[in-house]
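Residue numbering for the sequence shown follows the numbering used here, starting at 16 and increasing by one per position.
Report on the structure given below.
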Amino acid sequence: MTVVGPRFVFVTGGVVSSVGKGIAAASIGALLLARGFSARLKKLEPYINVDPGTINPYKHGEVYVTDDGGETDLDMGHYERFTGIPTRAIDLLTTGKVYSSVIARERKGDYLGSDIQVVPHITDEIKRCVLSAVEGVDFVICEVGGTVGDIESLPFLEAIRQLRNDLGPQRSVNVHLTLLPYIASANELKTKPSQHSVRELLRTGIQPEFLICRSSHGFEGETRKKLSLFCNIPEPHIVDAPDENWIYQIPLNFHKSDLDGALCRYFSLSCQKVDLKKWEELVTRFQSSRNTVRLGVFGKYAHFLEAYKSLQEAIVHAGGAQGTKVEVQWVETEDEACVQAALPEVHAMIVPGGFGSRGIPGKLRAIQYARENKIPFLGICLGMQLAIIEAARHLLGLPDASSTEFGETPEPVIALMTEWMQGEQLQRRTACGNLGGTMRLGAYPCVVRPNSKLAGVYDGKKEISERHRHRYEVNSTYLERLEKVGLCFSGWSPDGDLPEAVEYTDHPWFLAVQYHPEFKSRPFAPHPLFVHLVQAALRKKKGAQ
Ligand code: GLN
């Protein structure tokens with residue numbers, strides 16, 4: 016029988032959250048690509064928010080921005096990094112989005128007088144989104160956020176149950192990820208929570224065909240047998256997923272458990288040869304560093320690193336590419352004593368993106384120190400805005416210089432831009448607009464000034480494209496004065512209106528950008544800004560020795 020259309024791999028999770036469902040889905044994607052198939056990854060998020068743009072990163076981790084301006088979940092970053100396939104705003108479906116579109120249609124009268132119900136109206140909308148925009152790919156990997164048993168997940172699981180019937184087993188499979196807790200007194204990994212989790216999934220009408228079991232130790236025959244018996248899953252479909260220090264090792268571990276081979280057999284696909292050489296090389300490269308540098312990241316969520324996921328990964332990629340272990344010191348800038356103590360310790364610094372006025376003096380102090388002491392420095396988004404404020408205060412002699420984001424100021428060197436062009440279209444935002452709708456979001460082109468440091472970083476490219484997520488911009492009325500005190504604006508929007516990058520010519524390596532380079536760094540293609548920062552840190556370390 017010929018199968019028409021993509022096959023769907025639904026990834027659900029149970030027992031507890033944070034077991035690594037996103038990385039599991041991304042790794043399945045990587046393995047299918049390594050077998051020569053094409054794939055797309057999607058995420059279904061049960062929370063009621065329309066997107067995570069307004070969720071505190073301290074609660075939900077980083078907001079990952081797609082090229083097309085979607086504010087999405089941090090797992091989408093894993094998908095891109097593991098597969099290299101750019102994700103799109105529509106690849107994240109939330110309860111908020113589903114209900115918004117169903118309600119909008121109801122208001123237009125599209126439901127012809129019927130009363131709107133979870134089944135079929137909400138589930139139909141979920142199914143429509145899962146099935147849409149996947150033409151031409153061999154596989155769609157669709158992760159369901161949250162944990163089986165959450166109230167919010169129910170409509171999504173019901174939609175998947177229906178989809179599994181619509182598509183048939185030839186085109187759909189469910190992979191369930193659970194945790195096997197280790198009980199020290201019994202010296203045993205416990206399977207009971209996984210059994211309960213599968214039972215909970217069964218209550219929604221879904222019998223998983225595969226089980227991935229995360230554990231601290233890994234397991235052998237007896238545990239596998241038990242899981243197979245009680246969860247009604249064939250033994251070869253039970254995948255051992257021991258804890259791993261390197262997330263990029265996980266596709267290789269899954270392969271060792273033959274997950275990709277078993278998936279191919281499940282779908283009756285002739286097993287194409289798998290090529291994992293690049294993954295093996297990557298892991299070896301990342302694990303064998305010749306040098307070490309210390310990098311200070313002066314931020315606000317320093318005690319919750321999920322808020323800086325892409326940044327963390329971009330640093331790992333750049334270090335790996337340079338055979339250098341980058342020891343990151345996450346410095347909480349609200350604690351000024353902590354900032355002060357960290358400054359002389361590091362070979363390079365980053366001030367990352369952020370929102371709000373908390374911790375700003377500490378960040379400004381770090382920037383001033385980097386400028387005056389010639390420490391390699393990368394400012395990202397808010398980090399660039401603060402680099403401008405620091406220059407205005409200390410070089411231009413405007414002690415009140417600030418951003419209107421932090422309150423009223425007589426010297427608004429950073430201010431809300433109300434209009435700008437995106438391609439041919441005029442975009443507008445207002446200070447009182449809804450929060451989600453007032454940002455410059457997604458990929459924008461940036462023209463690079465020839466012979467600048469930025470041009471060196473981007474290999475002499477004249478125009479680049481990077482992703483944005485911010486409300487405020489450099490106020491153009493201060494540009495000339497800032498240039499006079501040594502700032503060089505080396506990146507511009509193509510119309511020449513918005514500065515995108517700034518640097519000091521008399522500093523060994525000080526670059527600040529209005530965009531977020533970390534979103535586009537990949538393990539196999541580290542972002543050049545981070546690579547150059549690590550190189551500058553290595554030079555700094557050598558010079559200091
Ligand atoms: N808060 C700043 C703005 O909205 C910077 C945002 C960011 O760093 N992503 O413009």
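Here a beta-carbon is modelled for each residue, glycine too, at the ideal position from N, C-alpha and C.
Given the structure is predicted, the values throughout are model-derived calculations rather than measurements.
Report yes if the C-beta of residue i is less than 7 Å from at least one heavy atom of the ligand GLN; otherwise report no.
| i | result |
| --- | --- |
| Y94 | no |
| G412 | no |
| R373 | no |
| E420 | yes |
| H485 | yes |
| G369 | yes |
| L567 | Since the first residue of the chain shown is 16 and the last is 560, residue 567 is not available in this structure. |
| Q177 | no |
| Q400 | yes |
Should residue i be labelled buried (16 or more other beta-carbon atoms within 10 Å of its own) or exposed?
| i | result |
| --- | --- |
| L490 | One detail in the question is off: residue 490 reads as Asn in this sequence, not Leu. Under this definition N490 is a buried residue. |
| E351 | exposed |
| H191 | buried |
| V341 | buried |
| V343 | buried |
| A199 | exposed |
| A356 | exposed |
| P184 | exposed |
| R218 | exposed |
| V213 | buried |
| T87 | buried |
| L379 | buried |
| Y73 | exposed |
| H136 | buried |
| K288 | exposed |
| G5 | There is simply no residue 5 to check, as the chain begins at 16 and stops at 560 in what is shown. |
| I166 | exposed |
| K36 | buried |
| E423 | exposed |
| W201 | Correcting the residue type first, residue 201 is Ala in the shown sequence and not Trp. That one is exposed. |
| L178 | buried |
| D275 | buried |
| Q337 | buried |
With a CB to CB cut of under 7 Å and the five nearest residues on each side skipped, what residues in its chain are close to residue i?
| i | result |
| --- | --- |
| V402 | The residue you asked about is not Val; residue 402 is Ala in the sequence shown. Only I382, G394, V517, A527 meet the Cβ criterion. |
| I131 | V117, E121 |
| R408 | P414, A416 |
CB-CB under 6 Å to residue i, same chain, minus the five flanking residues each way: which ones, in chain order?
| i | result |
| --- | --- |
| P251 | A277 |
| V31 | L194 |
| F25 | C157, I175, N189 |
| F234 | L204, D255 |
| A430 | T419, N490 |
| P266 | S42, A45, L46, W294 |
| L172 | T219 |
Leaving out five residues before and five after residue i in sequence, what residues of the same chain have Cβ atoms less than 8 Å from its Cβ?
| i | result |
| --- | --- |
| E498 | F504 |
| E349 | K315, R373, G374, G377 |
| K476 | V463, A470 |
| R537 | E95, R96, G99, H332 |
| H531 | V80, S325, G368, I395, C396, E481, R482, H483, R484 |
| G111 | Y62, I63, N64, V65, D66 |
message: So, does the region 504–513 touch the region 400–419, judging by three or more C-beta pairs under 8 Å?
response: These segments do not touch.
- prompt: Hey, is the region 119–130 in contact with the region 96–104, meaning 3+ C-beta pairs nearer than 8 Å?
  reply: In short, these stretches do not touch, since the Cβ pair count stays below three.
message: Could you check whether the region 55–62 touches the region 143–161, counting it as contact only if at least three pairs of C-beta atoms, one from each stretch, sit closer than 8 Å?
response: Touching, yes, given that three or more Cβ pairs across the two stretches are closer than 8 Å.
field: Stretch-stretch touch, CB-based, cutoff 8 Å, three pairs: the region 306–322 with the region 519–533
entry: By the Cβ criterion, the region 306–322 is not in contact with the region 519–533, since fewer than three pairs of Cβ atoms, one from each stretch, lie closer than 8 Å.
- prompt: Is there contact between the region 451–467 and the region 34–52, where contact requires at least three CB pairs shorter than 8 Å?
  reply: Fewer than three pairs of CB atoms, one per stretch, sit closer than 8 Å, so the region 451–467 makes no contact with the region 34–52.
- prompt: With contact counted as at least three CB pairs below 8 Å, one residue from each stretch, are the region 354–363 and the region 546–560 in contact?
  reply: Taking one beta carbon from each stretch, the region 354–363 and the region 546–560 have 3 or more pairs nearer than 8 Å; the two touch.
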